[in-house]
Amino acid sequence: MSKLKSMMITFLLSLVLLCGIFVPQISSFAVAEEVTVKHTLLSPLYNQNPSQTLGKYNISTEQTHSFTPFDFESGARREGMSFILPAEEERNQILNKYVLLDEVDDVSLDNNISLNLWIYFNTIYLHNLILTLELENGSTMTWGLSSSMLYSLVSATGSLSIDSLPYGFIKFDLPFNTAVCEGEIKSGNTLISPTKLIVSFTSATTEIDNFSSLVFYDVYLAESKEDYITVEKQPYRFYSLNFFKPEIVNSLVVGDSLMLPSKEKAIDYAWDGDSDLYELSNKQTPYVTWKVLVKAPDSGTSIEYKTFGEFVTFSKEGTYQIYYQCFNTSLSNEKPIISTSVVVSVGKLRPIIFGTSMKKIEVGKTYTLVLETSTIFNSVSDFRFTSTDGLEVNYLGEGVVEITATKKGKHKLTAFVDATRVVEPTQKEYSSVFQIEALEDDNDDKTVFKIVLWSILGVIFIVSAGIGIKSLVNINKNDVK
């Protein structure tokens, strides 16, 4: 007994030791999955106390800006505010303007850290950009981005195109190891706190006037994702539009009518730079307008204009195309700035499908038919049948029916179901017709015909044989004489 107790105690102690070994390891895995720490230098919420903003951040009321990067998950602009810096009237140049930053004193330099911030560009043309962090001790960290480097980073193609759109909001990730440092930047292994962000946006080019203005948002430090400068791009023009649910589009048949979504439901969001195309189209005297166009099958260049919330009737079999288009009438009345469409395939409804292709049957024989209903039905009742006189119907259930013709002629079998569809949620009666021709069995007539034919042939054979024999007898008599 004591031996058993000793074994149990040993087992329990081993279990405790194992738990002590594994629990810290589990905790370390949890820490490894945490999101990289963000050290905020200028929060998007910097203007919560407007009376303090100028003194705390050197941002005047005129420099605050409500335009922020877009949050595509929520479908709205990000919280807080951005800011601008005073620019020269000549070519939108910024000459060593600065904002003050919140203090950070816990940024470890064990790993490579980077400066992160969003910058919005509203035109194509760019100056050289210089960003400088000035630290508490007067030391500086500077990132110099030439205009050619900027074009390469922010454009979709890596080159300048006059016809292309501007670049929208871009988030820059600027690793410390890509900066030019002057003076000591760390105390021990911790970054000396930055106090200013200084911006220069200049160039010597005088042939161009419409250089981009800049909008800044959310300045912070974080661990670098790469050892080189990277960017996260948001498009200048983007949108999310709704047409019809897929289950509706895939169940339309000739004769259906479908209501277009209301304007509010059709447009989740649509932006052209800092222009909210949905809100602008709701103004009392809008210069932004939305149109709905419907192109029917085999219509050539013919287009039907509709409005949001109006019905579209699909009167033909084939492919329809429905467009949403947005026009900025200050730019053009003919060329839309947004044009997107959905393809709708419309077929003929076959409510009940006869799985057997027989068209002719014999009177008196019984045949089995298998029936199915259209796949676009949501729910269906059991089958019901009617038939013309001379055709008997026996329904066996599960879509199986027996038919027997009692007289010759053309017959009609009609099958009915009550069903609902996505576009017709109220139960409605549907039917399909099966045309059948019943023929008499002509085997008896063939037998009589065969008997008569063989009788005639037999008579002809006997007569021919008799004539032949008589001829032979006459020839023999002549030879005897």
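Quick note: the sequence shown, position 198, residue 197 per numbering that gives the first Met the number 0, numbers continuous.
Heads up, the beta-carbon is just placed ideally off N, CA and C, and yes, glycines get one too.
Taking only three categories from DSSP, how would you classify L152? DSSP places L152 in helix when its eight states are reduced to three.
Local conformation of S212 per DSSP, three classes: Look at S212 here: in three-state DSSP terms it is coil, with no helix or strand label.
Rounded C-beta distance between M80 and N111? I'm assuming under 8 Å. That belief does not hold up - the Cβ atoms of M80 and N111 are roughly 30 Å apart, past 8 Å.
Should S140 be labelled buried (16 or more other beta-carbon atoms within 10 Å of its own) or exposed? Per the sequence shown, the amino acid found at residue 140 is Met instead of Ser. Result: buried.
Can T372 and V416 be called in contact, C-beta distance under 8 Å? Taking 8 Å as the Cβ cut-off, T372 and V416 qualify as a contacting pair.
Is DSSP giving G187 helix, strand or coil here? Three-state DSSP puts G187 in coil, outside helix and strand.
Rounded to whole angstroms, what is the Cα-Cα separation between D388 and Y323? Between D388 and Y323, the alpha-carbon positions lie close to 55 Å from each other.
Which same chain residues end up closer than 6 Å to T35 when comparing Cβ atoms and leaving out the 5 residues on each side of it in sequence? Answer for T35: A221 and E222, listed in chain order.
Decide if the stretch 263 to 270 is in contact with the stretch 239 to 247; the criterion is three or more beta carbon pairs, one per stretch, under 8 Å apart. Enough Cβ pairs lie closer than 8 Å, so yes.
Inter-residue Cα distance where the pair is E135 and P193: Rounded to the nearest angstrom, the two C-alpha atoms are 6 Å apart.
With distances taken between CB atoms, is the gap from A86 to S199 smaller than 8 Å? With a cutoff of 8 Å on beta-carbon distance, A86 and S199 are scored as not near each other.
Tell me, please, whether the stretch 319 to 337 touches the stretch 352 to 360 by the rule of three or more beta-carbon pairs shorter than 8 Å. With the cut-off at 8 Å, the stretch 319 to 337 and the stretch 352 to 360 do not touch.
Just the C-alpha distance for N176 and G143, rounded to the nearest angstrom, thanks. A direct Cα-to-Cα measurement between N176 and G143 gives close to 13 Å.
Residues that E401 bridges to, as DSSP identifies them: T367 and N393.
Entirely enclosed beta strand (DSSP E) segments - the stretch 200 to 267, minimum 3 residues: With a minimum length of 3 residues, the continuous beta strand (DSSP E) runs that stay inside the stretch 200 to 267 are 213 to 222, 229 to 232, 236 to 240 and 256 to 258.
Test item: CB-CB of V311 and L279 under 8 Å: 8 Å or more divides the Cβ of V311 from the Cβ of L279.
Around the Cβ of Y286, are there at least 16 other Cβ atoms within 10 angstroms (buried) or fewer (exposed)? Its Cβ having fewer than 16 others within 10 Å, Y286 is exposed.
Simplified DSSP state of N57, which is helix, strand or coil: For N57, the three-state secondary structure derived from DSSP is coil.
Cutting at 6 Å between CB atoms, please list the residues of its own chain near D273, excluding the five before and the five after it. By the criterion of a C-beta distance shorter than 6 Å, D273 is surrounded in its chain by F66, once the five residues flanking it on both sides are discounted.
Measure how close the beta-carbons of V369 and G354 come, nearest whole angstrom, since I'm counting them as under 8 Å. 4 Å between Cβ atoms; contact.
For my contact list, F168 and W117 are in at a C-beta cut-off of 8 Å; report their separation, rounded to the angstrom. Indeed they touch by this definition, with Cβ atoms about 5 Å apart.
Please report the straight-line C-alpha distance between W270 and E316, rounded to a whole angstrom. Their backbone Cα atoms lie some 36 Å apart in a straight line.
Leaving out five residues before and five after Q426 in sequence, what residues of the same chain have Cβ atoms less than 6 Å from its Cβ? Excluding five sequence positions before and after Q426, the CB atoms of its chain that fall closer than 6 Å to its own CB belong to D417 and T419, given in chain order.
Work out the CA separation of K37 and L114 for me, nearest whole Å. Straight-line spacing of the CA atoms in L114 and K37 works out to 10 Å.
Taking the alpha-carbon positions, what's the S380 to P424 distance? Cα to Cα, S380 sits roughly 14 Å from P424.
To the nearest angstrom, report how far apart I352 and N377 are at their CA atoms. Answer to the nearest angstrom: the Cα atoms are 16 Å apart.
Rounded C-alpha distance that separates T284 from K305: The C-alpha of T284 lies about 20 Å from the C-alpha of K305.
Tell me which residue opens and which closes the alpha helix (DSSP H) that S280 is part of. Here the alpha helix (DSSP H) through S280 covers L276 to S280.
Where do the N-terminal and C-terminal ends of the beta strand (DSSP E) with N115 fall, by residue? DSSP places N115 in the uninterrupted beta strand (DSSP E) bounded by I112 to F120.
Can you give me the start and stop residues for the beta strand (DSSP E) that H126 sits inside? Run containing H126: none; DSSP gives neither H nor E here.
Suppose you measure from the CA of L149 to the CA of N95; what does that come to, to the nearest Å? Roughly 18 Å separates the two Cα atoms.
Could you tell me the distance, in whole angstroms, from the CA atom of A29 to the CA atom of F69? For A29, the predicted structure reports a pLDDT of 31, less than 50, and the residue's modelled location is therefore unreliable. A value from the coordinates is still provided. Here the alpha carbon of A29 sits roughly 31 Å from the alpha carbon of F69.
Within a Cβ cutoff of 6 Å, which residues of the same chain sit near F120, ignoring the five residues on either side of it in sequence? Here the set comprises P165, Y166 and S211.
Going along the chain, which residues of its own chain have a beta-carbon closer than 7 Å to the beta-carbon of T39, five neighbours each way excluded? Answer for T39: D101 and Y219, listed in chain order.
For the ligand SAH, is there any heavy atom lying closer than 7 Å to the beta carbon of S274? Summarising the ligand content, the structure contains no ligands, and the ligand SAH is consequently not present.
So, helix, strand or coil for P49, using DSSP? The answer is helix: DSSP assigns P49 an H, G or I state.
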